[in-house]
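Here the structure comes first, spelled out in C-alpha cells, and everything after it is commentary.
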Ligand SMILES: *Cc1c(COP(=O)(O)O)cnc(C)c1O
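Residue numbers (the numbering used here): 113 to 540.
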C-alpha cells in the first residue's frame, strides 16, 4: 500500500500542529502506525490522499450513522449555510431539534445545545452540582466523558478513593471531588457513597464505548438508580456515543433504568459539531438565564449544525427499522470474527449494541476497565495494520468501538469477513 502522500503530510503537520493531529487518538500511536490523511468520504468508504480506498468503521468516531456525504444531510447543510453561518441569536431550527428529542425521551423535558460532547458533559456536571448543592461526583474507571478537568482522573493509590489527575495541567484540587468506582461493580459505588455524603451525581456511559465496547449490566444500572435515589444524588447517562447509535433512544431504548440528566454528542450533530444535555424541566430550569447555574456558548445551537442534526434525527425516527438492520450486520461481522479467531486458537471477546460493535483479544469476558486492560494490544495492533493494508479502516486502538453505517451493504460486510479470514490466519 502506497501512503507516500500521507507520510509527507504528517511530517508537514507535525511542524505546526502538536503531534500532527488535533485530537490525540488520531495519531495511530497505540498501533504504532502513521495516520492516513483523508481526502474525502463517500458512503461506506474513506479515500486517503494517496487515493487508497478504505471501508470505514470509524465514521468520524461515531457521528456518521448514514455514512459519508449522505444526500439529505448534505442538502440541509448547504441550504442552511446559504442563509448565514451563525447569528448568535435564536433560530427556530433549535426548537425543532429540541422538540424531536423531548418527544423521544421520557427522561427529557428540556434540552440545551452546545458544540461538543466535552462541553455537554462538563455543563451537565455543573448543573447536577448546582441543582443538588453538592460538590462530589462519582465516575467509573474506563469511562470517558471528554477532557474537562474534573473528569480527567485516574485511580489514586487504592481504588474507590478520590481520583488523581490523569494529565499534567489538571490541579489535584480540581479532581479531589471526583470519586472513581469500578464499572459493573455496585459494591464499589456503595463504598463511594459511604466515603462521601456530598455526592451530586453519578455519571456513567450506560454502554461504555471508550474502553472498547462494554455494556453495563441491566441490574447494575437499576442498582445505581436506587443508590442515587437513596442518597439524593442525580444519575447522569453520558450517551454522547450511545445516543441514537445503540438504538434510537440509545441505551435508554434498551434498558428500563431512567437517568436524571442525559448528555448527547456525535450522532446528534449528523457530522457537525453538536453536543447537548437534557433533563426534566425542574432540573433544567436551574440553568441561566432562568436559574443561577451559568452556562453559555457563542456558537451554541449553530443553525448549520442544528440543520444537520435535525435532518439526521428525523431520518432515524422515520426509519426505526434501521437499527435492526445495522445490528444484524454488526452481529454477522462479530460472529464471523469470533469464528475465525476460534479456528486459529485466538481468544476473542465480542459485543454488539445496535450499530456499535467491539472485539477484545482477551480470553475472558470484559466487564470493566481492568478486564479490558488484560487484552493483547500487540495482537490488536497487528490485526489493525493488516486489515488496513487490506483496505479496512478500524479505530486505531483496542479500546475503541466500531460503527456500522446504513451505507454498509451486506456485500461490504461479506467482503470484510473474507479479508478478516486471511488476517486472523496470519495472526497466529
Ligand atoms: C466522544 C465522547 C465524549 C466527548 O465528546 P467530544 O465531542 O469529543 O468532546 C464524551 N463522552 C462520551 C461517552 C464520548 O464517547
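Don't be surprised by glycine CBs; every beta carbon is placed ideally from N, CA and C.
Bear in mind that the values here come from a model prediction, so they are computed numbers and not experimental data.
Here residue 479 is not near residue 535, since their CB atoms are 8 Å or more apart. Residue 416 carries a helical assignment under DSSP once its states are collapsed to helix, strand and coil. Here the alpha carbon of residue 486 sits roughly 12 Å from the alpha carbon of residue 461. Here residue 396 is buried, its C-beta having at least 16 other C-beta atoms within 10 Å. Checking the 7 Å criterion, the Cβ of residue 243 is out of range of every heavy atom belonging to ligand 1.
At a threshold of 7 Å, residue 322 counts as near ligand 1, since its beta carbon sits closer than that to one of the ligand's heavy atoms. Beta-bridge partners of residue 391 (DSSP): 222, 373. DSSP places residue 499 in no beta strand (DSSP E) but in the uninterrupted alpha helix (DSSP H) bounded by 489 to 501. Considering only 237, 417, 529, the residue with the shortest C-alpha distance to residue 398 is 237. According to the DSSP secondary-structure assignment, residue 513 is paired through a beta bridge with no residue. Under the 10 Å beta carbon count, residue 207 is surrounded by fewer than 16 other beta carbons and is classified as exposed.
The beta-bridge partner set that DSSP reports for residue 185 is empty.
Take the alpha-carbon of residue 222 and the one of residue 292: they are about 29 Å apart.
For residue 301, the number of other beta carbons within 10 angstroms of its own is at least 16, and it is reported as buried.
In the same chain as residue 359, and ignoring 5 residues on each side of it, the C-beta atoms closer than 6 Å to its own belong to 365, 366, 435, 466, in chain order.
Every residue with a CB closer than 5 Å to a heavy atom of ligand 1 is listed here in chain order: 228, 229, 230, 257, 258, 317, 350, 352, 353, 377.
The continuous alpha helix (DSSP H) containing residue 528 extends over residues 522 to 539.
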